[in-house]
Amino acid sequence: MAKSLIYLDHAATTAVAPRVLEAMLPYFSQVYGNPSSIYSFAQEAHKAVDDSRDKVAKVLGCRPAELIFTSGGSESDNTALKGVAFAASQWGKHIITSSVEHHAVLHTCQYLEKFGFEVTYLPVDRYGMVDPQEVEKAITDQTILVSIMLANNEVGTVQPVSDIAKVIKVKSKQIGHGVSFHTDAVQGAGALDINVDKLGVDLLSLSSHKFYGPKGMGVLYVRRGAPFVPQQAGGAQERYRRAGTENVPGIVGTAVALEIAAGQLESNAAHCRTLRDRLIEGIQSRISHVHLNGHPTRRLANNANFSFEFVEGESILLGLDFEGIAASSGSACTSASLEPSHVLMAMGVPTDTAHGSLRLTVGVDNTEAEIDRVLEVLPGIVERLRALSPMTSSPSR
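In this text, residue positions in the sequence shown follow this note's numbering: the first is 5, and each later residue adds one.
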């Protein structure tokens with residue numbers, strides 16, 4: 005008999021919510037006009053895009069004109085960093101980021117280094133936290149951009165973004181020109197307050213499929229007045245900032261999903277936190293030589309990341325998969341890599357231990373019964389793998 009799926013990889017992606025899909029469907033085959041066309045049929049699609057932009061702006065607390073719809077978080081990150089870097093290079097070519105960012109940020113920074121930009125990769129503490137004082141010390145009169153994620157996609161640590169924003173604002177006045185602040189908030193939507201003024205950011209990236217919206221859709225917020233040059237040329241869409249015919253169903257779905265996520269933020273967070281804490285307590289009490297990664301309190305409500313000594317994380321994933329449980333060992337974007345997580349390495353986790361990482365991220369549809377099933381089968385999986393490991397022979401508590 006086939007096992008029913010227990011899905012615990014919501015940091016990788018989420019299912020499209022029924023209300024979201026329902027809102028999207030008419031724009032595939034009924035209201036299918038090109039929003040850039042002038043006849044009335046097409047203007048129905050144009051209105052849908054405008055209405056969706058208003059919904060997203062309400063959640064972010066910004067002007068609708070400050071939003072650009074993109075193909076996802078990676079494009080939003082790329083566009084934010086390149087758009088600011090090339091626009092502000094007259095004031096300097098220094099960028100600051102952290103060593104635990106998503107590769108969409110890290111690889112973009114490495115790309116910009118080829119064009120003469122200097123990048124400072126700030127260290128983090130053992131919890132994966134960036135120190136605002138380290139940001140302050142790193143800013144020079146050549147600094148034009150800082151990019152620090154809102155919440156880490158692997159270990160769930162929530163960064164002190166608003167504190168960092170205050171530091172940047174003060175330093176900007178001291179050096180005589182603005183330093184733009186970007187945050188990758190891909191994991192934050194639906195879990196944290198992403199009001200841009202409260203965060204104090206100039207640019208913010210979102211990815212729809214992380215909050216029960218469609219894949220292939222993202223949002224980039226660019227504060228009015230921030231230096232920015234478009235990275236995709238062509239037509240006049242998105243106020244000339246991102247050419248290409250608008251993905252109307254995707255835009256509609258993104259707006260509805262974000263609206264729902266914001267409206268249910270507190271209740272969903274409380275539900276996920278209960279399940280997360282049940283996982284953490286259960287795993288730590290049932291399995292020896294296990295370490296919780298990330299900040300113990302300043303972490304996403306749905307994230308539990310562990311490192312198991314004397315065992316490979318990939319082997320644990322295969323064992324869980326056999327039991328009908330979907331999880332991951334880190335970012336979905338690097339799951340094919342045999343290298344240990346760059347996030348765990350930056351946090352000082354030993355290489356052997358980092359190889360034994362497991363990320364469990366719960367969602368709104370998970371139940372306590374599902375968590376209990378994981379706690380029932382995981383200890384046995386780890387015990388069997390450790391018995392086969394040449395590194396140890398049944399480690400004791």
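By construction, the Cβ of each residue, glycine as well, lies at the ideal position given by its N, Cα and C atoms.
What is the DSSP secondary structure of residue 293, counted as helix, strand or coil? One-based indexing of the sequence shown puts residue 293 at position 289. Three-state result, residue 293: coil.
Going by alpha carbons, who is nearest to residue 231 out of 250, 187, 259 and 182? Numbered from 1 along the sequence shown, position 227 holds the residue referred to as residue 231. The shortest C-alpha separation from residue 231 is found at 182.
Using a Cβ-Cβ cutoff of less than 6 Å, which residues in the same chain neighbour residue 279 once the five nearest sequence positions on both sides are dropped? Position 275 of the sequence shown holds residue 279. Contacts found: 366, 370 and 375.
Alpha helix (DSSP H) segment containing residue 208, residue limits: Within the sequence shown, the letter at position 204 stands for residue 208. Run containing residue 208: none in the alpha helix (DSSP H); it sits in the beta strand (DSSP E), 207-211.
Hey, could you find the ends of the alpha helix (DSSP H) residue 309 is sitting in? If you number the sequence shown from 1, residue 309 lands on position 305. Not the alpha helix (DSSP H): residue 309 falls in the beta strand (DSSP E), residues 307-312.
Mark residue 99 as exposed unless 16 or more other C-beta atoms lie within 10 angstroms of its C-beta, in which case mark it buried. In the sequence shown, counting from the first residue as 1, residue 99 sits at position 95. Buried, because 16 or more other Cβ atoms sit within 10 Å of the Cβ of residue 99.
Rounded to a whole number of angstroms, what is the C-alpha to C-alpha distance between residue 42 and residue 53? As a position in the sequence shown, residue 42 is number 38, starting the count at 1. As a position in the sequence shown, residue 53 is number 49, starting the count at 1. Between residue 42 and residue 53, the C-alpha separation is close to 14 Å.
Cutoff 7 Å; reference residue 104; Cβ partners in own chain excluding five residues on either side: Along the sequence shown, read from residue 1 onward, the residue named residue 104 stands at position 100. 128, 132, 156, 347 and 350, listed in sequence order.
For the putative contact between residue 208 and residue 225, defined by C-beta atoms under 8 Å, what is the C-beta separation to the nearest angstrom? Stepping through the sequence shown from its first residue, residue 208 is reached at position 204. Stepping through the sequence shown from its first residue, residue 225 is reached at position 221. At roughly 4 Å, the Cβ-Cβ gap stays under 8 Å, so residue 208 and residue 225 are in contact.
Residue 215, enclosing alpha helix (DSSP H) - first and last residue: Taking the first residue of the sequence shown as 1, we reach residue 215 at position 211. No alpha helix (DSSP H) holds residue 215; DSSP gives it neither H nor E.
Are there 16 or more other CB atoms within 10 angstroms of the CB of residue 244, so buried, or fewer, so exposed? For the purposes of this step, residue 244 is taken as the residue at position 240 of the sequence shown. By the neighbour-count rule (16 or more Cβ atoms within 10 Å), residue 244 is not buried but exposed.
Distance, residue 234 Cα to residue 19 Cα: Mapped onto the sequence shown, residue 19 falls at position 15. Mapped onto the sequence shown, residue 234 falls at position 230. In a straight line, the C-alpha of residue 19 is about 31 Å away from that of residue 234.
Among the candidates 259, 387, 258 and 223, whose CA atom is the shortest distance from the CA of residue 246? Walking along the sequence shown from the start, residue 246 turns up at place 242. Of the candidates 259, 387, 258 and 223, the one whose C-alpha sits nearest the C-alpha of residue 246 is 223.
Just to confirm, is the Cβ distance from residue 32 to residue 253 under 8 Å? As a first step, residue 32 must be located in the sequence shown, where it is residue number 28. As a first step, residue 253 must be located in the sequence shown, where it is residue number 249. Yes, Cβ-Cβ distance for residue 32 and residue 253 is below 8 Å.
Cβ pair count under 8 Å reaching 3, the segment 114-129 against the segment 174-181: no
Quick one: what does DSSP say residue 402 is sitting in, helix, strand or coil? A query on residue 402 cannot be resolved here, the shown segment of the chain reaching from 5 to 401 and no further.
Residue 362 versus 355, 319 and 326, residue with shortest Cα-Cα distance: Reading the sequence shown from its first residue, position 358 is the one you call residue 362. Considering only alpha carbons, the answer is 319.
Rounded to the nearest angstrom, how far is the Cβ of residue 162 from that of residue 303, given a contact under 8 Å? Within the sequence shown, residue 162 is the residue found at index 158, counting from 1. Within the sequence shown, residue 303 is the residue found at index 299, counting from 1. The pair is a contact, with the Cβ atoms about 6 Å apart (cut-off 8 Å).
Got a sec, what are the start and stop residues for the beta strand (DSSP E) residue 327 sits in? By one-based count along the sequence shown, residue 327 stands at place 323. It is not in any beta strand (DSSP E) - residue 327 carries neither H nor E in the DSSP assignment.
Unbroken beta strand (DSSP E) run spanning residue 32, endpoints: Translated into positions along the sequence shown, residue 32 becomes position 28. Premise fails: residue 32 lies in the alpha helix (DSSP H), 30-33, not in any beta strand (DSSP E).
What is the residue span of the alpha helix (DSSP H) that residue 176 lies within? Against the sequence shown, residue 176 aligns to sequence position 172. 165-179 is the span of the alpha helix (DSSP H), which, as asked, contains residue 176.
According to DSSP, residues forming a beta bridge with residue 155: As a first step, residue 155 is located in the sequence shown; it is residue number 151 there, counting from the start. Answer is 162, bridged to residue 155.
4-residue-minimum alpha helix (DSSP H) runs that sit fully inside the segment 73-149, ordered along the chain: 77-91, 107-117 and 136-142
Label residue 326 either buried or exposed according to how many other C-beta atoms from any shown protein chain fall within 10 Å of its C-beta, with 16 as the threshold for buried. By one-based count along the sequence shown, residue 326 stands at place 322. Residue 326 is exposed by the Cβ-count criterion.
Residue burial classification, residue 192 (beta-carbon count within 10 angstroms, cutoff 16): Translated into positions along the sequence shown, residue 192 becomes position 188. The residue in question, residue 192, is buried, as its Cβ has 16 or more Cβ neighbours within 10 Å.
Closest residue to residue 195 among 114, 217 and 273 (Cα-Cα distance): In the sequence shown, residue 195 corresponds to position 191, counting from 1. Ranking 114, 217 and 273 by Cα distance to residue 195 puts 273 first.
Compare the Cα-Cα distances from residue 95 to each of 228, 147 and 378 and report the closest residue. On the sequence shown, residue 95 is found 91 positions in, with the first residue counted as 1. The shortest Cα separation from residue 95 among 228, 147 and 378 belongs to 147.
Simplified DSSP state of residue 5, which is helix, strand or coil: In the sequence shown, counting from the first residue as 1, residue 5 sits at position 1. With a pLDDT of 37 at residue 5, under the threshold of 50, the predicted position of this residue should be treated as unreliable, and no value is reported.
My output table needs one value for residue 287: the three-state DSSP class, helix, strand or coil. As a working mapping, residue 287 is identified with position 283 in the sequence shown. Of the three classes helix, strand and coil, the one that applies to residue 287 here is helix, per DSSP.
So the candidates are 386, 7, 76 and 186; which of them puts its Cα closest to the Cα of residue 251? Here the question's residue 251 lines up with position 247 in the sequence shown. Closest option to residue 251, Cα to Cα, is 76.
Rounding to the nearest angstrom, what Cα-Cα distance links residue 7 and residue 21 in this structure? Along the sequence shown, one-based indexing puts residue 7 at 3. Along the sequence shown, one-based indexing puts residue 21 at 17. Each residue's alpha carbon lies about 23 Å from the other.
Given a cut-off of 8 Å on the beta-carbon distance, is the pair residue 297 and residue 312 in contact? Taking the sequence shown and counting its residues from 1, one reaches residue 297 at position 293. Taking the sequence shown and counting its residues from 1, one reaches residue 312 at position 308. No, these two residues do not count as a Cβ contact at 8 Å.
In this structure, does DSSP put residue 390 in helix, strand or coil? As a working mapping, residue 390 is identified with position 386 in the sequence shown. Three-state DSSP puts residue 390 in a helix.
Can you name the residues that DSSP bridges to residue 186? Residue numbering aside, residue 186 sits at position 182 when the sequence shown is read from its first letter. Answer is 151 and 207.
According to DSSP, is residue 244 helix, strand or coil? To locate residue 244, count along the sequence shown from 1; it is residue 240. Helix, per DSSP.
In whole angstroms, what is the alpha-carbon distance linking residue 339 and residue 45? For the purposes of this step, residue 339 is identified with residue 335 of the sequence shown, where counting begins at 1. For the purposes of this step, residue 45 is identified with residue 41 of the sequence shown, where counting begins at 1. Summary for residue 339: the model assigns pLDDT 48, below 50, so the residue's position carries little reliability, and this model does not support an answer.
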